[in-house]
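Residue numbers (our numbering): 1366 to 1673.
The beta carbon of each residue, even a glycine, is placed where N, CA and C say it ideally should be.
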């Protein structure tokens, strides 16, 4: 063959225009970095705690609302199913907040409350821009990507994708960000499973590369004994040093996990195309800055954004 694959791609086939260049892995990860804060207002905005209180949920910290608000698209499932879908939380912690929550409030009411909460939060954070043309354009692009997401084998993405789309553009942006965030997250759990990292090991190994402090990861509810046992298992695989830092093998394993996660999360952006994805990234910038500038989100999270 005299013409390379890349050359054929560049000139097109049979006189047709060339196909758009593929979205690069770095862009896939950038879209996660941009969209995650837009989703995460659900767990920190004061409007969320007000709506949670109206439902009779606790508001002393974020967990009494975090678990039902994130799990509600799954329906009235039990703590076991939520533990499976969320993966890295201790089953005891999940049970504490999920065992009887659907006896006190319905998933439908929680879904309505979280939509009201996010709408109010976005209006407070973005002001007039919440109804502006830039946000509407961003919402339309993000929705196209979210609707292209294959949710097979991805329970949280599928559950959110199965919910009706809100009418207001700012709520559509949040809904799209949530579907795409959970799509990537479900894929990340698959990457952890392929890497042979159980729920506790996934946290210990992530802390070991400096993604966040051990104290931040301990908020997931595992005991000192469970953390130490996971440390020992990772040491036996040559992934962790005795002092808790990752060996080079441990760092390489985590790099593979993140690369695999990017690969599994790329399809919606490949569908949207490189130009439209770049345009969405440009549009999201001011809203990303506004959310971070609101001071609502913690400076350190367990996701490792900016560190992986």
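Beta carbon of residue i nearer than 8 Å to that of residue j
i: residue 1521; j: residue 1550; result: yes
i: residue 1480; j: residue 1403; result: no
i: residue 1421; j: residue 1469; result: yes
i: residue 1410; j: residue 1482; result: yes
i: residue 1504; j: residue 1477; result: no
i: residue 1610; j: residue 1573; result: yes
i: residue 1565; j: residue 1587; result: yes
i: residue 1472; j: residue 1496; result: no
i: residue 1571; j: residue 1620; result: no
i: residue 1490; j: residue 1654; result: no
i: residue 1556; j: residue 1626; result: yes
Between the CA atoms of residue j and residue i - distance to the nearest angstrom
i: residue 1547; j: residue 1642; result: 18 Å
i: residue 1530; j: residue 1414; result: 23 Å
i: residue 1663; j: residue 1582; result: 13 Å
i: residue 1524; j: residue 1604; result: 35 Å
i: residue 1554; j: residue 1515; result: 16 Å
i: residue 1759; j: residue 1438; result: In this structure the chain extends from 1366 to 1673, so residue 1759 is not present and cannot be described.
i: residue 1510; j: residue 1590; result: 42 Å
i: residue 1652; j: residue 1443; result: 35 Å
i: residue 1368; j: residue 1386; result: For residue 1368, the predicted model reports a pLDDT of 36, less than 50, meaning its position is unreliable; a value from the coordinates is still stated below. C-alpha separation (whole angstroms): 18 Å.
i: residue 1425; j: residue 1436; result: 19 Å
Range covered by the alpha helix (DSSP H) that runs through residue i
i: residue 1525; result: 1520-1526
i: residue 1414; result: 1411-1419
i: residue 1569; result: 1564-1573
i: residue 1592; result: 1589-1601
i: residue 1474; result: 1472-1491
i: residue 1583; result: Careful: residue 1583 lies outside any alpha helix (DSSP H) and carries neither H nor E.
i: residue 1658; result: 1639-1658
Selected residue, minimal CA-CA separation from residue i, among the options
i: residue 1428; options: 1585, 1393, 1553, 1629; result: 1585
i: residue 1539; options: 1441, 1588, 1501, 1644; result: 1501
i: residue 1506; options: 1553, 1624, 1396; result: 1396
i: residue 1638; options: 1513, 1436, 1460; result: 1513
i: residue 1458; options: 1431, 1475, 1471, 1467; result: 1431
Practice item. Would you check if the segment 1485-1497 and the segment 1449-1456 touch, i.e. whether three or more CB-CB distances between them fall below 8 Å? Key: no
Check your understanding: So, do the segment 1571-1579 and the segment 1642-1653 have three or more beta carbon pairs nearer to each other than 8 Å?
Key -> no
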